[in-house]
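Asker:
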Amino acid sequence: MVAHHSLSSIMFRFSFLWFICLLLVGASAVFYFEYRYYRIPLLLNDFSTEVSQRVPIETNGTLHSIDLDEIIVGTFHEDDIPAIDEPVYESIASADVYLNDDGYGLVIEGENLVRFYPYQILVWHQAVNDTFGKIRLLVSYCPLCFEGSVYQIEKDSSEAFSFGVSGKLWNNNTLLYDRSTHSLWSQVLGEAVVGPRTGAKLERYPFYSTTWASFKEAYSSAEVLSRNTGYVRDYTQDPYERDGYYSSSAVWYPLSHEDERLEAKEIVYGYQSGDFQKAYSQEWIKQAGSIQDTIGSQSITIMWDEDLQTARFLSGPSEDSLLETEQLLQKMFWFCWATMYPQTKAFEN
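Each residue of the sequence shown is one higher than the one before, counting from 1 in this note's numbering.
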């Protein structure tokens with residue numbers, strides 16, 4: 001009787017300990033997924049092959065212009081990194097409480113309206129479906145490529161045509177998806193690369209990138225994308241910066257094409273027109289103040305704007321010919337530009 005009681009007691013204690021262990025494992029799993037998928041932008045891993053020409057082909061019923069094996073899948077669902085669909089804005093003074101002076105963001109200027117989209121917010125969401133005046137825009141950012149772009153949504157598209165984050169990468173670049181057809185779009189290219197809309201391109205909208213310190217010095221009044229996004233995130237920090245990603249030489253995931261003419265994470269301003277592409281090192285532009293070059297028969301100047309900490313594209317040899325459309329230059333890490341445009345030229349200092 002005593003032996004039976006002791007055995008029952010041991011089994012009870014064993015069952016209780018096993019139950020506690022299961023609870024701890026479950027709690028740890030919940031914490032891990034909550035932290036990984038809702039506090040830190042998702043990171044992926046896979047292998048890539050050679051970049052293919054972006055000519056649409058069909059494989060097993062799927063239209064695509066890139067090798068499907070080059071796509072890295074890492075999240076359980078679309079929108080695990082949530083796009084901002086109902087952006088609100090705050091004043092410069094309000095945003096200055098938490099934005100870092102040396103932090104970058106995207107600037108859009110209108111006749112009576114200026115907006116700043118901080119990377120401190122964009123790093124957690126990567127896409128903002130917005131309206132600027134009466135113009136529908138997609139504001140996007142890829143932290144792995146350090147590239148921000150603004151696109152105008154087609155004027156004849158339906159109101160439902162908006163973008164989310166697919167949770168997939170191609171050559172370390174975010175693949176967005178449109179909610180109408182679920183086609184995948186390259187964030188850098190502004191081009192659909194998988195799905196029914198493969199080959200479609202978005203029109204770039206004028207913008208430039210600058211630091212928060214430069215922006216608030218240049219503008220006395222403007223709208224700043226607010227922290228009130230509807231999501232719980234720590235907008236005081238950039239997790240990629242915290243982990244040393246921007247300052248390290250490491251490219252986290254495989255590339256389809258590598259080019260050693262410049263350091264992988266050297267920041268460049270890329271110019272693209274038709275089949276022609278050329279990259280200009282930010283450091284060279286800053287050191288020289290301005291760089292003269294010839295593209296085809298056109299003389300151009302790339303100048304450094306010290307006040308706004310950005311490069312400006314001029315269509316001639318003087319500042320008087322400054323183009324209004326600043327989107328002609330794309331700012332990003334060299335490795336991203338070179339893998340997207342394997343035939344690119346690079347300005348030699």
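Even for Gly, the Cβ is constructed at its ideal location relative to N, Cα and C.
All figures in this text were calculated on a predicted structure; none of them were measured in a lab.
Under 8 Å by Cβ, that's how I've got residue 371 and residue 331 pegged, so tell me the actual separation to the nearest angstrom.
Answerer: Missing from the structure shown is residue 371; the chain here goes from 1 to 349 and no further.
Asker: With distances taken from CA atoms, which of 147, 102, 302, 162 is nearest residue 129?
Answerer: Ranking the options by Cα distance to residue 129, first place goes to 162.
Asker: Find the nearest neighbour of residue 238 within the set 83, 55, 144, 341, judged by alpha-carbon distance.
Answerer: Checked all of 83, 55, 144, 341; the closest Cα to residue 238 is 144.
Asker: Return the CA-CA distance between residue 226 and residue 312, expressed in angstroms with no decimal places.
Answerer: Rounded to whole angstroms, residue 226 to residue 312 spans 28 Å at the Cα level.
Asker: What beta strand (DSSP E) runs, 3 residues minimum, are completely inside the segment 124–170?
Answerer: Segments of the beta strand (DSSP E) lying fully in the segment 124–170: 127–132, 135–142, 147–152, 163–170.
Asker: Could you check where the beta strand (DSSP E) with residue 338 kicks off and where it finishes?
Answerer: Not the beta strand (DSSP E): residue 338 falls in the alpha helix (DSSP H), residues 334–340.
Asker: By Cβ distance below 6 Å, which residues in the same chain neighbour residue 368 in space, the five residues on each side in sequence not counted?
Answerer: With the chain covering only 1 through 349, there is no way to say anything about residue 368.
Asker: For the ligand ZN, is there a heavy atom less than 7 Å away from the beta-carbon of residue 245?
Answerer: Judged by which ligands are present, the structure shown has none, so any question about the ligand ZN falls away.
Asker: In the structure shown, what three-state DSSP assignment does residue 34 receive?
Answerer: For residue 34, the predicted structure reports a pLDDT of 39, less than 50, and the residue's modelled location is therefore unreliable. A value from the coordinates is still provided. Of the three classes helix, strand and coil, the one that applies to residue 34 here is helix, per DSSP.
Asker: I'd like to confirm the pairing. Which residues does DSSP put opposite residue 88 in its beta bridges?
Answerer: None, per the DSSP bridge assignment.
Asker: Alpha carbon to alpha carbon, how far is residue 339 from residue 120? Give it in angstroms, no decimals.
Answerer: For residue 120 and residue 339, the distance between alpha carbons rounds to 26 Å.
Asker: The beta strand (DSSP E) spanning residue 109 covers which residue range?
Answerer: Here the beta strand (DSSP E) through residue 109 covers 104–109.
Asker: Could you give the distance in angstroms between the alpha-carbon of residue 96 and the alpha-carbon of residue 211?
Answerer: Using only the alpha carbons, I get a separation of about 12 Å.
Asker: Tell me whether residue 41 sits in a helix, a strand or coil according to DSSP, three-state version.
Answerer: In this prediction, residue 41 scores a pLDDT of 39, lower than 50, which makes its location untrustworthy; the coordinate-derived value is nonetheless stated afterwards. In this structure, residue 41 counts as coil in the three-state DSSP scheme.
Asker: Between which two residues does the beta strand (DSSP E) holding residue 118 run?
Answerer: Start and end: 114–118.
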